[in-house]
Amino acid sequence: MLTCIATRNVKAPMVGHRSVLEPAWLVGYRFTTQGRSMLRQGYHNFRDKLFKVRCNSLEVVLLPNRYIDELRNIPEEKASPPKALFNKGLGHYVDMDIILESRLHVHIVQQRLTPTLGSIMPQLQQELEFALETELPDCHADGWVSINVQDLLARLVGRLSARVLAGPELCRNEEWLSASVKHSGHAFATSMTLRMFPGWIRPIVAPFIPFYWRARSDVATAKRLVGALVERRRAVESQQGAAYHKPNDLLQWMMDEATGTDASPHKLAHRLLFVSDASVLTTSILTTHFLLDLCAHPQYLNPVLAEITKVLREGGNFQRTMVPKMVQLDSFLKESQRMNTTFLMTFDRVLNAPITLSDGTTLPKDTHVAMPTDAMLHDPAYLPGGGDPNTFDPFRYARLRQRPENAHRYQLAMTDSTSLPFGHGKHACPGRFFASSEAKLLLCNLLLRYEIRLPEGQARPDNLLVAENLVPDPAARLWFRKRGDGDELLRSLSGVGE
């Protein structure tokens, strides 16, 4: 409520009104299905100025690109990304309070997970071998199998992420897998449903939403499973003392650094589920879009496969040092992400204090600000290398990286002031390097092991727009068939797949 009041005090045009007589609540209601066109309309009409949109009952101020560098340098005490995420997701109703209590998980991902990616890639490859056999048991070389692609990738990513988050004890636990894969969808459905109602009635409506109870059940499952795991580890460490060999996973790193209430088993479990949500959501959507785009443009399959094979032959087992060499694969992923931006607005902040920008623009306390990321990614002025921003060009960034000065630029996990899918600056998505490596490991294995295509006579399924979110069609299916030479090819690549 305070955010809406503060945003209304910002002098900026509100986009999306069909007439001056249209009530604000109706504009917010239409945003659910017309959010992308409203944001692009605002960007087109007010490209270098502030404008506002009404996301259901939440009002957001969209800032022009010129403010991004000064905004990213404002400390979190004054401009809070967690509070913005909490407000947009109606965190009180989906147990998101954990992200406001501390930044323990962010610190651990940045300081412990990212530097160790090289050493954990062999573990992920091993887990992926098991996961593919488990999730695709009926996929053989003698026939095609129709598979819901997003469901498959969510479970594969869920298994890989759990291996890194809490080791072998959790990654093959079906209860954890179900809760961790489904929780983000249950929470999203709950918050999007509640956003359709005025704030005063939400506490009454929430208990009647089935997804509300499913999300709570997922959290309870996580607390039970992970809480027990934390207690077992602490008991063994207490018994063995200095001889105890600590697991090398994110849960243990959080256990080692957590203090106060953060160290309670249930808090650690809840935080681990939140990290899992982010990992599964980001990587499964990214890889789903990749496969849908590749199947819609099959002429790019052979170049991508040739690059993967060449890099693996030169490097042996899948290692993080090989990831930067997969330039075409990275470029395809980055272009697919550009064309199918999950979050149409990013760089969200809620102001904890009034701020005055360099040109004198003043924003009051509690204002929710963001950047129109999707519109910027389709602006020719911000498209590196030029060209048509509405044309899918999967090797766009690979060509740019052929220039010596660009060799280490324009990569999927890198951010800059004009490419904001992962945010930018010190509050950019901390897990983006893991997501990039995990996605490439998964896609390399899928493309080497399976033939994948769209159903006969069908085009790429349209994406689903829900307010400021763009996601793949959850019903999208692809046909899979095991390559006759897939396993032999993997074995020949210096040990990959063994």
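Heads up: the sequence shown begins at 568 in our numbering, then just goes up one per residue. C-beta atoms are modelled at their ideal positions from N, C-alpha and C, and glycine is treated no differently.
- Around the beta carbon of Tyr811, fewer than 16 other beta carbons sit within 10 angstroms, so the residue counts as exposed.
- Distances from the alpha-carbon of Thr940 to those of Gly952, Asp933, Asp915 and Ala1042 put Asp915 closest.
- Rounded to the nearest angstrom, the gap between the Cα atoms of Leu818 and Ile675 is 9 Å.
- In this structure, Arg621 sits near Met581, with a CB-CB distance shorter than 9 Å.
- In this chain, the beta strand (DSSP E) harbouring Cys622 covers Phe618 to Cys622.
- Beta-bridge partners assigned by DSSP to Asp844: none are found.
- Cβ atoms of Glu1035 and Gly602 come within 8 Å of each other, at about 5 Å.
- Taking C-beta atoms as the reference points, Arg726 and Glu694 count as a pair closer than 9 Å.
- Under the three-state reduction of DSSP output, His935 falls in the strand class.
- Lys790 sits in a helix when the DSSP states are folded into three classes.
- At least 9 Å separates the beta-carbon of Glu643 from that of His991.
- Setting aside the 5 residues that flank it on each side, Asn715 is surrounded in the same chain by Arg1044, each with a C-beta closer than 6 Å to its C-beta; the list follows chain order.
- Secondary structure of Trp711 (DSSP, three-state): coil.
- Separation of the CB atoms of Arg1020 and Cys706 is rounded to 13 Å, and the pair is thereby denied contact status at 8 Å.
- Taking every protein chain shown into account, the CB of Lys578 has fewer than 16 other CB atoms within 10 angstroms, so this residue is exposed.
- Pairwise C-beta distances place the region 1001–1013 out of contact with the region 1023–1039, as fewer than three of them are shorter than 8 Å.
- Distance from the Cα of Val673 is smallest, within the candidate group Ala845, Val797, Tyr610 and Pro832, for Ala845.
- Residue pairing by DSSP places Ala646 opposite Leu918 in a beta bridge.
- A straight-line Cα-Cα distance of about 8 Å links Tyr660 and Thr757.
- The way I'd put it, the region 834–844 does touch the region 719–737; three or more beta-carbon pairs between them come closer than 8 Å.
- Across the structure, Met981 and Pro997 are spaced so that their CA atoms are roughly 11 Å apart.
- By a beta-carbon distance limit of 8 Å, Arg966 contacts Gly952. Their separation comes to about 7 Å.
- As for any alpha helix (DSSP H) of minimum length 4 sitting wholly inside the region 957–1022, the runs are 963–967 and 999–1016, ordered along the chain.
- The DSSP-derived three-state label of Asn1036 is strand.
- The C-beta distance from Pro1028 to Trp1046 rounds to 13 Å, too long to meet the 8 Å contact threshold.
- The beta carbons of Leu792 and Ala773 sit no closer together than 9 Å.
- For Arg597, the enclosing alpha helix (DSSP H) has its first and last residue at Ala591 to Asn612.
- For Pro814, same chain residues with a beta-carbon under 6 Å away, outside a window of 5 residues either side, are Gly734 in chain order.
- Per DSSP, reduced to three states, the secondary structure at Met912 is coil, with no helix or strand assignment.
- Shown here, Phe764 sits in coil according to DSSP, grouped into three states, outside any helix or strand.
- Rounded to the nearest whole angstrom, the C-alpha separation of Asn654 and Ile922 is 20 Å.
- Taken through DSSP and simplified to helix, strand or coil, Lys813 comes out as coil.
- In the three-state reduction of the DSSP assignment, Leu1031 falls in the strand class, which pools E and B.
- Under the three-state reduction of DSSP, Lys578 is assigned to coil, being neither helix nor strand.
- For Val627, the enclosing beta strand (DSSP E) starts and ends at Leu625 to Leu629.
- With fewer than 16 neighbouring CB atoms inside 10 Å of its own CB, Glu741 falls in the exposed class.
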